[in-house]
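For reference, the structure is listed below as structure tokens.
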Amino acid sequence: MIAFGPVPSRRLGQSLGINNIPPKICTYSCVYCQLGRTLRMHVDRRPFYEPEEVVSSVREKVARAREAGEPIDYLTFVPDGEPTLDVNLGREIELLRPLGLPIAVISNASLISREDV
């Protein structure tokens with residue numbers, strides 16, 4: 000499941016979550032992680048899903064939420080791992096902007112200093 004929710008977020012209101020990477024791929028293996036131990040630790044960015052697949056899943060969820068009268072305050076990249084490992088993250092964000100919703104990326108910021116992030 001790439002898109003999920005919307006779910007309540009303390010910071011962002013009603014958030015539609017986006018899993019842009021498969022589960023448990025991260026740059027760290029934090030003992031306090033709510034997802035448990037990291038199964039595949041990586042620091043090299045790579046593609047995981049086609050951007051169009053991510054965008055299609057999000058558009059479908061947004062349409063369903065709007066039909067049901069469910070508010071969406073944010074589109075949030077909050078996968079079960081580190082979202083910036085996805086080389087397509089920037090493209091996915093570009094393709095989602097026309098939906099007119101604010102976009103957030105929840106990250107551990109371990110790759111933020113890299114030029115390609």
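Following numbering that gives the first Met the number 0 from start to finish, the sequence shown increments by one per residue and tops out at 116.
We put the CB at the ideal spot given by N, CA and C, even for glycine.
Since the model is a prediction, treat every value here as computed from it, not as a measurement.
Just verifying my parser: in three-state terms, what is the DSSP assignment at residue i?
i      : result
Thr-75 : strand
Val-61 : helix
Ala-2  : strand
Ser-8  : strand
For residue i versus residue j, is the C-beta distance shorter than 8 Å?
i      : j      : result
Ser-55 : Glu-81 : no
Ala-2  : Gly-16 : yes
Ser-88 : Asn-19 : This sequence places Leu at residue 88; Ser is not what is there. Cβ atoms of Leu-88 and Asn-19: closer than 8 Å.
Just to confirm the assignment, what range does the alpha helix (DSSP H) spanning residue i have?
i      : result
Ile-92 : 88 to 95
Determine the direct distance from the alpha carbon of residue j to that of residue i, and round the result to whole angstroms.
i       : j       : result
Pro-5   : Leu-98  : 15 Å
Leu-84  : Met-0   : 18 Å
Val-86  : Leu-95  : 16 Å
Arg-39  : Pro-70  : 35 Å
Pro-21  : His-41  : 12 Å
Pro-50  : Val-30  : 31 Å
Ile-24  : Asp-43  : 11 Å
Ala-67  : Leu-74  : 17 Å
Glu-122 : Arg-36  : The structure shown does not extend to residue 122, since the chain is modelled only from 0 through 116, so no value can be given for it.
Arg-9   : Glu-114 : 31 Å
Arg-34  : Phe-47  : Residue identity check: residue 34 is Leu in the sequence provided, not Arg. Each residue's Cα considered, the two are about 19 Å apart.
Asn-107 : Phe-76  : 12 Å
Ala-62  : Ile-111 : 32 Å
Closest to residue i by C-alpha separation, out of the options, would be which residue?
i      : options                 : result
Thr-26 : Arg-45, Arg-9, Gly-16   : Arg-45
Val-53 : Pro-7, Ile-105, Pro-78  : Pro-78
Asp-72 : Glu-91, Ala-103, Glu-93 : Ala-103
Since residue i is in the beta strand (DSSP E), which residue starts that stretch and which ends it?
i       : result
Ile-102 : 102 to 104
Gly-99  : That residue, Gly-99, is in no beta strand (DSSP E); it is neither H nor E in DSSP.
Ile-17  : 12 to 17
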